[in-house]
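Enquirer: For the sequence shown, counting from 1, position 634 maps to 634 in UniProt numbering; every step adds exactly one.
Beta carbons: idealized from backbone N, C-alpha and C, even for Gly.
Below is the structure I would like to discuss, written out as structure tokens.
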Amino acid sequence: MRHCSMIGLCYKFNKARSGGFPSPQQFAMWSSKLLSFVLTSLLASPALAATITQSTQLTTQTFDYIIVGAGTGGLVVANRLSEDPRVSVLVIEAGVSDDSILGFEAPFLGPTMTPNTIYDWNYTVTPQPGMGGRVFTYPRGRILGGSSTTNFMFHQYGSSEDWNRYAAFTGDLGWAWSNMRQYVQKHETFVPPPGPDSLNKYLPSNHGFHGTTFLSVLSENQTDIDSRVLATLDALHDEFPFNRDMGGGDHSLLGVGYAVTSGANGVRSSSSTSYLAQANGRPNLTVLINSVVTKLIQTPSTKGLKAFRKVQVASSPGTAPSPGGNPVISVTARKEVILSAGFIGTTQILQLSGIGDSNDLSALGIPTIINNPSVGRNLSDHTQLANVFSVRGTESYDSILRNETAIGAEVQEYLTNKTGLLAGAISNNLGFLRLPRNASIFDTVQDPTPGPNSPHWEIIIGNVYFNPDFPTPPSGSYLSIVTSLISPTSRKSSQSRFYEAYSHSTLIKHILIIRTGGTVKLASNNPFDKPLIDPQFLMTDFDIFTMREAVKAVLRFFGYAAWSDYIIGPFGDLFAAAKDDASIDAYVRGVCTSILHGVGTASMAPVNAKFGVVDPNLKVKGVDGLRVVDASVLPLVPSAHTQGPVYLVAERASDLIKSGH
């Protein structure tokens with residue numbers, strides 16, 4: 001089990017990972033002394049009105065709306081619905097409060113808080129054949145804010161082509177970028193980064209300035225690396241063009257530039273610190289934490305459809321006030337239940353409730369109420385590969401984090417001024433890139449991206465050792481270059497035949513090419529057992545080809561003269577041996593993990609399609625009064641880190657729910 005001094009910090013302070021850099025184990029190895037510095041200080045505690053820790057504290061068991069999951073999407077919906085004082089809203093969260101935990105306020109520290117802690121669901125994937133049968137952790141935030149509280153804060157919206165493809169696929173132009181663009185203004189307050197070159201790091205037209213969540217470019221860290229990156233972009237601009245704003249949407253994602261992050265002024269901005277904080281004090285909003293939804297209970301049919309307006313709730317393990325625990329209770333929604341438990345949790349709850357593939361359910365002794373084979377299928381995700389280089393000197397974070405004196409100074413600077421290492425993101429620079437038009441893979445595979453302004457792969461540059469599930473060296477300095485597969489493909493599955501039978505357009509046939517075979521299934525009928533998560537990583541020729549070409553591109557980028565006095569060479573036997581296609585493929589399969597962007601397990605589909613879990617209004621098919629609002633509804637993984645798209649989905653979902661009542 002991984003251990004980190006940061007975890008102890010959180011417990012003594014009384015008081016998840018969405019894309020991936022250092023693990024708790026790695027931070028612990030860097031510095032065993034950090035805890036002593038942080039324990040000498042206190043954080044201000046924001047007011048958390050109407051937040052209760054046990055179901056027995058509820059003063060009523062009936063609400064207009066019940067939202068399951070206080071994560072990225074759920075808290076957006078909670079805020080927007082509770083704007084109407086005439087309706088009552090209950091949010092149910094399995095995890096704990098994020099109140100007064102330094103590790104979730106300081107941008108640099110958030111990802112160190114998961115996995116293998118109380119703040120994470122502590123999932124693992126099933127053995128992955130495309131990765132040599134390896135099993136690895138799959139962190140998901142189990143805390144107010146969900147993974148927006150624990151992730152690396154990278155924030156884009158995807159390409160306009162992503163959204164236009166969603167609209168064409170679902171038959172609902174409301175999902176087109178021309179309509180979704182309005183929610184950028186509602187969602188974000190962009191804070192320009194300081195400095196005279198601020199306008200070289202973002203495009204004002206690409207952002208909102210009066211929204212709910214703070215965004216900025218946290219570029220205080222790794223400034224020496226920035227200059228090397230910019231010199232390389234200038235020299236190799238044909239292959240690696242500079243992009244002034246990596247937010248996506250109106251502006252092309254393609255190129256390399258500064259990372260837009262969900263935070264500003266040295267502080268993380270999560271759905272909890274933004275949307276929930278804004279709604280604090282509303283008497284019509286109740287947030288119940290430490291409580292697991294075990295299933296939905298069928299209620300009398302409405303509008304000629306089956307209904308599930310009753311939610312069964314139990315205390316999260318270890319949180320009951322007495323050894324006997326709390327009794328399981330049920331709460332009822334007058335209008336709707338909204339599942340926002342994430343692509344894993346939502347799928348698990350649907351299946352436990354009898355909504356899913358009847359064959360899978362009957363095998364576990366669960367009566368089928370709605371037979372829908374699409375539930376838990378169609379999982380797609382971004383694969384990531386950490387390419388680690390040994391470097392000279394003391395510029396890397398590794399050198400700082402092994403130095404007790406330096407750590408103490410950084411902690412004190414952050415606590416005093418919200419500046420310094422802890423106030424910055426793990427990486428300043430990222431990029432989205434495409435394979436060449438004449439790449440040989442396109443002789444046999446159709447381009448899976450939604451258009452020419454959407455990437456095939458991503459690059460993230462971090463000046464620190466990072467290699468998930470691989471031990472951190474006790475000495476040395478490192479530069480880690482994460483490459484991610486942004487447009488994964490898959491083999492056709494039985495599910496694909498539903499799409500094929502329904503195909504009435506070239507676009508839907510095109511989507512078939514990238515239909516994933518990944519799944520989330522129940523391991524048992526016990527709601528406290530972890531589900532079986534099988535992303536089916538690296539199972540196609542396109543996937544392995546793209547990751548191979550990304551490794552070659554990384555070697556070209558960091559082989560430029562600007563790095564010659566800094567980089568010693570590739571670190572690790574597999575990377576060092578990656579000289580030809582076969583050895584690069586072995587390296588990719590032996591080291592890749594996930595960047596934690598799973599989507600699609602409760603996918604949107606056209607209203608009359610015989611596949612899909614929800615319709616374009618996010619209503620569960622065949623059911624009245626039940627919607628899904630989280631990453632699981634996205635039919636395909638977008639060309640972005642997924643928190644930005646989920647925020648937009650939740651904003652539109654809120655409008656859809658309001659207009660229906």
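(1) Quick one: Cα of threonine 368 to Cα of leucine 296, how far?
(2) Any idea if phenylalanine 571 is buried or exposed, counting beta-carbon neighbours within 10 angstroms, 16 or more meaning buried?
(3) Taking Cβ positions, are isoleucine 344 and tyrosine 123 nearer each other than 9 Å?
(4) Using the Cβ count rule (16 or more neighbours within 10 Å means buried), how would you classify valine 607?
(5) Expressed to the nearest angstrom, what Euclidean distance is found between the alpha-carbon atoms of leucine 102 and proline 111?
(6) Following the continuous beta strand (DSSP E) through isoleucine 369, name the residue where it begins and the one where it ends.
(7) By how many angstroms is the C-alpha of threonine 261 removed from the C-alpha of valine 191?
(8) Consult DSSP for methionine 539 and reduce its assignment to one of helix, strand or coil.
(9) Just the Cα atoms here: how many angstroms apart are proline 474 and proline 115?
(10) From the DSSP output, in three-state form, read off arginine 434 for me.
(11) How big is the Cα-Cα spacing for serine 274 and threonine 212?
(12) Drop a sphere of 10 angstroms on the beta-carbon of serine 362, count the other beta-carbons inside from all chains shown, and report buried for 16 or more, exposed for fewer.
(13) Using a Cβ-Cβ cut-off of 6 Å (strictly less than) and excluding sequence neighbours within five positions of lysine 310, which residues of its own chain qualify?
(14) Do the CB positions of aspartate 98 and serine 270 come within less than 9 Å of each other?
(15) Which of the three DSSP states is assigned to tyrosine 647 in this structure?
(16) Does DSSP put threonine 405 in a helix, in a strand, or in coil?
(17) Could you spell out where the alpha helix (DSSP H) holding residue 715 opens and where it closes?
(18) Which residues mark the beginning and the end of the beta strand (DSSP E) in which arginine 334 is found?
(19) Between the alpha carbons of proline 127 and aspartate 534, how many angstroms are there, rounded?
(20) Check glutamate 105 in the structure and name its three-state DSSP category.
(21) Assuming the contact rule is C-beta atoms closer than 8 Å, alanine 50 and isoleucine 67 should be a hit. Round their C-beta distance to whole Å, please.
(22) I need the straight-line Cα distance from arginine 80 to leucine 422, nearest angstrom please.
(23) What separation, rounded to the nearest whole angstrom, lies between the Cα atoms of phenylalanine 537 and arginine 548?
(24) Could you tell me the boundaries of the alpha helix (DSSP H) in which glutamate 161 lies?
(25) Going by DSSP, which residues form a beta bridge with serine 477?
(26) Applying the criterion that 16 or more other CB atoms from any shown protein chain within 10 Å of the CB defines a buried residue, is valine 135 buried or exposed?
(27) What are the start and end residues of the alpha helix (DSSP H) that includes aspartate 64?
(28) Excluding the 5 residues flanking asparagine 371 on each side, which residues of the same chain have their C-beta closer than 6 Å to its C-beta?
(29) Spatial neighbours of glycine 622 within its chain, please: CB distance less than 6 Å, with the 5 preceding and 5 following residues excluded, ordered by chain position.
(30) Taking the runs of the beta strand (DSSP E) that are 3 residues or longer, which of them lie wholly in the segment 225 to 303?
(31) Taking Cβ to Cβ, would you say phenylalanine 389 is nearer than 9 Å to isoleucine 225?
(32) How would you call alanine 235, buried or exposed, if buried means at least 16 neighbouring beta carbons within 10 angstroms?
(33) CA-CA distance, phenylalanine 37 and leucine 430?
(34) With contact counted as at least three CB pairs below 8 Å, one residue from each stretch, are the segment 404 to 414 and the segment 136 to 151 in contact?
(35) I'd like to know whether the C-beta atoms of valine 588 and leucine 385 end up nearer to each other than 9 Å.
(36) Taking the beta carbon of glutamine 446 as the centre, do at least 16 other beta carbons fall within 10 Å, making it buried, or is it exposed?
Expert: This is what the structure gives:
(1) Along the sequence shown, one-based indexing puts residue 368 at 368. Along the sequence shown, one-based indexing puts residue 296 at 296. A direct Cα-Cα distance of roughly 13 Å separates threonine 368 from leucine 296.
(2) In the sequence shown, residue 571 corresponds to position 571, counting from 1. Residue environment analysis places phenylalanine 571 among the buried positions, since at least 16 neighbouring C-beta atoms fall within 10 angstroms of its C-beta.
(3) Within the sequence shown, residue 344 is the residue found at index 344, counting from 1. Within the sequence shown, residue 123 is the residue found at index 123, counting from 1. The Cβ atoms of isoleucine 344 and tyrosine 123 sit closer than 9 Å to each other.
(4) As a first step, residue 607 must be located in the sequence shown, where it is residue number 607. Around the Cβ of valine 607, a 10 Å sphere holds fewer than 16 other Cβ atoms; the residue is exposed.
(5) Counting from 1 along the sequence shown, the entry for residue 102 is found at position 102. Counting from 1 along the sequence shown, the entry for residue 111 is found at position 111. Annotation: leucine 102 to proline 111 spans about 12 Å, alpha carbon to alpha carbon.
(6) Position 369 of the sequence shown, counted from the first residue, corresponds to residue 369. That residue, isoleucine 369, is in no beta strand (DSSP E); it is neither H nor E in DSSP.
(7) Position 191 of the sequence shown, counted from the start, is the residue given in the question as residue 191. Position 261 of the sequence shown, counted from the start, is the residue given in the question as residue 261. Valine 191 and threonine 261: Cα-Cα distance of roughly 10 Å.
(8) Start at 1 with the first residue of the sequence shown, and residue 539 comes out as number 539. Looking at methionine 539 - three-state DSSP - the assignment turns out to be coil, as it is neither helix nor strand.
(9) For this step, residue 474 is matched to residue 474 along the sequence shown. For this step, residue 115 is matched to residue 115 along the sequence shown. Between proline 474 and proline 115, the C-alpha separation is close to 21 Å.
(10) Along the sequence shown, read from residue 1 onward, the residue named residue 434 stands at position 434. Looking at arginine 434 - three-state DSSP - the assignment turns out to be coil, as it is neither helix nor strand.
(11) For the purposes of this step, residue 274 is taken as the residue at position 274 of the sequence shown. For the purposes of this step, residue 212 is taken as the residue at position 212 of the sequence shown. C-alpha separation (whole angstroms): 6 Å.
(12) Along the sequence shown, read from residue 1 onward, the residue named residue 362 stands at position 362. By the beta-carbon neighbour count (other beta carbons within 10 angstroms, threshold 16), serine 362 is exposed.
(13) Taking the first residue of the sequence shown as position 1, residue 310 is located at position 310. Ile297, Thr299, Ser330, Thr332, listed in sequence order.
(14) As a position in the sequence shown, residue 98 is number 98, starting the count at 1. As a position in the sequence shown, residue 270 is number 270, starting the count at 1. Yes.
(15) Numbered from its first residue, the sequence shown carries residue 647 at position 647. In the structure shown, tyrosine 647 sits in a helix (DSSP, three-state: H, G or I).
(16) In the sequence shown, the residue the question calls residue 405 occupies position 405. It is helical.
(17) Nothing can be reported for residue 715: it is not among the residues displayed for the chain, which extend from 1 to 661.
(18) As a position in the sequence shown, residue 334 is number 334, starting the count at 1. Secondary structure note for arginine 334: its beta strand (DSSP E) is the uninterrupted segment 329 to 339.
(19) Sequence index remark: in the sequence shown, residue 127 carries index 127 (1-based). Sequence index remark: in the sequence shown, residue 534 carries index 534 (1-based). One C-alpha to the other measures close to 8 Å.
(20) Mapped onto the sequence shown, residue 105 falls at position 105. Reduced to three states, the DSSP call for glutamate 105 is helix.
(21) Residue 50 sits at position 50 when you count from the first residue of the sequence shown. Residue 67 sits at position 67 when you count from the first residue of the sequence shown. Actually they do not touch by this definition, with Cβ atoms about 14 Å apart.
(22) For the purposes of this step, residue 80 is identified with residue 80 of the sequence shown, where counting begins at 1. For the purposes of this step, residue 422 is identified with residue 422 of the sequence shown, where counting begins at 1. Each residue's CA atom was taken as its position, placing arginine 80 and leucine 422 some 32 Å apart.
(23) Here residue 537 is taken as the residue at index 537 of the sequence shown, counted from 1. Here residue 548 is taken as the residue at index 548 of the sequence shown, counted from 1. Computed Cα separation, rounded: 14 Å.
(24) The sequence position of residue 161 within the sequence shown is 161, counting from 1. Residues 160 to 170.
(25) On the sequence shown, residue 477 is found 477 positions in, with the first residue counted as 1. In the DSSP assignment, serine 477 forms a beta bridge with Val391.
(26) Here the question's residue 135 lines up with position 135 in the sequence shown. Around the beta carbon of valine 135, fewer than 16 other beta carbons lie within 10 angstroms, which makes this residue exposed.
(27) Taking the first residue of the sequence shown as position 1, residue 64 is located at position 64. That residue, aspartate 64, is in no alpha helix (DSSP H); its beta strand (DSSP E) goes 62 to 68.
(28) Taking the sequence shown and counting its residues from 1, the one referred to as residue 371 is at position 371. The answer, listed in chain order, is Ser358.
(29) Position 622 of the sequence shown, counted from the first residue, corresponds to residue 622. Close CB contacts of glycine 622 within its chain, under the 6 Å cut and outside five residues either way in sequence, are with Ile370 (chain order).
(30) Within the segment 225 to 303, the runs of beta strand (DSSP E) at least 3 residues long that lie entirely inside it are, in chain order, 255 to 258, 285 to 288, 291 to 302.
(31) In the sequence shown, counting from the first residue as 1, residue 389 sits at position 389. In the sequence shown, counting from the first residue as 1, residue 225 sits at position 225. At a Cβ-Cβ threshold of 9 Å, phenylalanine 389 and isoleucine 225 do not count as neighbours.
(32) In the sequence shown, the residue the question calls residue 235 occupies position 235. It is exposed - the Cβ of alanine 235 has fewer than 16 other Cβ atoms within 10 Å.
(33) Indexing the sequence shown from 1 puts residue 37 at position 37. Indexing the sequence shown from 1 puts residue 430 at position 430. Since pLDDT at phenylalanine 37 reaches only 46, below the 50 mark, its modelled position is unreliable, and the value read off the structure follows with that caveat. Between the alpha carbons of phenylalanine 37 and leucine 430 lies a distance of about 32 Å.
(34) At 8 Å Cβ cutoff, the stretches do not touch.
(35) As a position in the sequence shown, residue 588 is number 588, starting the count at 1. As a position in the sequence shown, residue 385 is number 385, starting the count at 1. Yes.
(36) The residue labelled residue 446 in the question sits at position 446 within the sequence shown. Per the 10 Å Cβ criterion, exposed.
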